[in-house]
Amino acid sequence: MSERTPMIEMRSVSKHFGSVIALSDISMKVCSGEVMCLLGDNGAGKSTLIKTLSGVHSPSQGEMYLDGKPVHFKSPAYALDAGIATVFQDLAMIPLMSITRNFFMGREPTVGWGPFKRIDWKYADRVAKEEMAKIGIDVRDPSQAVGTLSGGERQCVAIARAVYFGAKVLILDEPTSALGVKQASVVLRYIAKAKADGLAVIFITHNVHHAYPVADAFTLLSRGGSLGTFRKADITREEVLNMMAGGAELESLDAELAEFQRSDTERKASRESAVSRKETSSASGK
Ligand SMILES: Nc1ncnc2c1ncn2[C@@H]1O[C@H](COP(=O)(O)OP(=O)(O)OP(=O)(O)O)[C@@H](O)[C@H]1O
Ligand SMILES: [Mg+2]
Numbered sequence: 001m002s003e004r005t006p007m008i009e010m011r012s013v014s015k016h017f018g019s020v021i022a023l024s025d026i027s028m029k030v031c032s033g034e035v036m037c038l039l040g041d042n043g044a045g046k047s048t049l050i051k052t053l054s055g056v057h058s059p060s061q062g063e064m065y066l067d068g069k070p071v072h073f074k075s076p077a078y079a080l081d082a083g084i085a086t087v088f089q090d091l092a093m094i095p096l097m098s099i100t101r102n103f104f105m106g107r108e109p110t111v112g113w114g115p116f117k118r119i120d121w122k123y124a125d126r127v128a129k130e131e132m133a134k135i136g137i138d139v140r141d142p143s144q145a146v147g148t149l150s151g152g153e154r155q156c157v158a159i160a161r162a163v164y165f166g167a168k169v170l171i172l173d174e175p176t177s178a179l180g181v182k183q184a185s186v187v188l189r190y191i192a193k194a195k196a197d198g199l200a201v202i203f204i205t206h207n208v209h210h211a212y213p214v215a216d217a218f219t220l221l222s223r224g225g226s227l228g229t230f231r232k233a234d235i236t237r238e239e240v241l242n243m244m245a246g247g248a249e250l251e252s253l254d255a256e257l258a259e260f261q262r263s264d265t266e267r268k269a270s271r272e273s274a275v276s277r278k279e280t281s282s283a284s285g286k
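Going left to right, the sequence shown walks through residues 1 to 286 as UniProt numbering numbers them.
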């Protein structure tokens, strides 16, 4: 597997914002048909990493390669044209606009020539409906506002759009964090489908139950640095969980909870003995 040319690769990438070092010497690669899960605490640099890959930030140092060729993106539009589609943490959608408009957003199909050129809404509506149906979401009316969809369905519009426009790399920044179990599973199933279609997927989540079933590998970030990449075969769900929450913190949390439990038990015991003392004294007073 390591012999294949990665679809997307970072070599020794750093990103500084003034004196803040948001990323330091990160190397990472994802092949087509693979899901890489990015883990790390709040502020570890996950969003900065994917923003660098998707042209929002340019790296302060290091190189990036798409399908083996070096790339420099001047803006997210360049990255998108090259085949890197990103669903950002703060989802870029316009709630009052229709599903179709959000699906095409700036790439509307047209009919006619010259001054008679206009957007082909009939065709656009049909494509949006068909593409959503492919992922199991039945849109009765594609002219309905995106704001009326559920959170999971909205994420799926963004992902379906990426796949429809021929993305090679799909990047998702916490797509399931605000979703219920059922909706999260719709998004996860779609990630699995994108992988089966041969996309390279980078997926950020804080939820081990979302990460573990779909990921092929995990990269752990801590304070802007990489603590390494682990293949799924080499790591258990518990180990991933420890890496996500920080093993040390979990241990101290365990100790605190045990302390709560101990003082609870003591309080309960003293309350019970007080009650029984009262009962005995009132019984003897009779
Ligand atoms: N535009 C910016 N200017 C200055 N500092 C920034 C900027 N963007 C990010 N940072 C800093 O870089 C660090 C990493 O932030 P980032 O958003 O990448 O973290 P994250 O891992 O995505 O966290 P979370 O899990 O909370 O989303 C933070 O300390 C943040 O304050
Ligand atoms: Mg983030």
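Note that CB positions come from ideal geometry on N, CA and C, so glycine has one too.
| query | result |
| --- | --- |
| Return yes when the Cβ of methionine 7 is within less than 8 Å of the Cβ of methionine 28, no when it is not. | no |
| I'd like to know if the region 77-85 and the region 29-42 are in contact, where contact means that at least 3 CB-CB pairs between them fall below 8 Å. | no |
| With DSSP collapsed to three states, give me the class of threonine 100. | helix |
| Let me know the secondary structure DSSP gives glutamate 63 once reduced to three states. | strand |
| So which residues put a beta carbon under 5 Å from any heavy atom of ligand 1, going in chain order? | Phe17, Val20, Ala22, Asn42, Gly43, Ala44, Gly45, Lys46, Ser47 and Thr48 |
| Is it buried or exposed for lysine 69, if we count other Cβ within 10 angstroms and need 16 for buried? | exposed |
| Report yes if the C-beta distance between isoleucine 171 and threonine 229 is below 8 Å; otherwise report no. | no |
| When the Cα of serine 24 is compared with those of Asp67, Val214, Leu227 and Ile119, which residue comes out closest? | Leu227 |
| With 16 other CB atoms within 10 Å as the buried threshold, where does phenylalanine 203 fall? | buried |
| Looking at aspartate 173 and ligand 2, is the gap between the Cβ and the nearest heavy atom below 7 Å? | yes |
| Would you mind working out which of Lys46, Gly33 and Val186 sits nearest threonine 205, comparing C-alpha positions? | Lys46 |
| Give me, in chain order, the residues of the same chain whose beta-carbon lies closer than 7 Å to that of threonine 110; leave out the 5 immediate sequence neighbours on both sides. | Lys117, Arg118, Ile119 and Asp120 |
| Which residues share a DSSP beta bridge with histidine 16? | Ile21 |
| Are alanine 22 and leucine 221 close, meaning C-beta to C-beta below 8 Å? | no |
| In the DSSP assignment, find the beta strand (DSSP E) that holds serine 226 and state where it starts and stops. | 225-231 |
| According to DSSP, simplified to helix, strand and coil, what is isoleucine 50? | helix |
| In this structure, what does DSSP give as the bridge partners for proline 70? | Tyr65 |
| Figure out for me which residue from Val20, Thr176, Val240 and Lys182 has the closest Cα to the Cα of glycine 136. | Lys182 |
| Name the residue from Glu3, Lys168 and Asp138 whose alpha carbon lies nearest to the alpha carbon of valine 35. | Lys168 |
| Express the C-alpha separation of leucine 53 and serine 12 in angstroms, rounding to a whole number. | 13 Å |
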